[in-house]
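Heads up: the structure comes next, in structure tokens.
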Amino acid sequence: MRVAQQRASTRHGYIFTRDTTVIIDDSLEDVRTGREGGAHVIGVASGTTSAEQLAAAGACHVIPGLADTRNIIHLITQCAVSGADRSCS
655 MRVAQQRAST RHGYIFTRDT TVIIDDSLED VRTGREGGAH VIGVASGTTS AEQLAAAGAC
715 HVIPGLADTR NIIHLITQCA VSGADRSCS
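So our numbering is basically just the index in the sequence shown, starting at one, shifted up by 654.
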């Protein structure tokens, strides 16, 4: 995950840290990897992985799809303000 953070930092001119990284994904492997790397993870249950599986893998939040952009932005903001709180509350 560190490499992805460095690339994003270079591209966007912002330093991405464990506290400011939010991953949105629908795969169990990426949810687990994100959490192991200390990122906040929003799971998307729009594919073959269920909401229950994503939550069990460590997703901080689980959404049914990407259509509700207002909710997604709200969740990203919520993750960002929780900062170092790794409990995903």
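For each residue, glycine too, the CB sits at the ideal point set by N, CA and C. Keep in mind it's a predicted model, so treat the numbers as computed, not measured.
Cα-Cα separation, residue i to residue j
| i | j | result |
| --- | --- | --- |
| residue 657 | residue 663 | 10 angstroms |
| residue 667 | residue 674 | 14 angstroms |
| residue 716 | residue 724 | 14 angstroms |
| residue 692 | residue 681 | 17 angstroms |
| residue 688 | residue 702 | 19 angstroms |
| residue 732 | residue 676 | 10 angstroms |
| residue 711 | residue 671 | 21 angstroms |
| residue 696 | residue 690 | 14 angstroms |
**Message:** If we require 3 or more residues per run, which beta strand (DSSP E) segments fall completely within the stretch 655 to 730?
**Reply:** Runs found: 676 to 679, 694 to 698 and 715 to 717.
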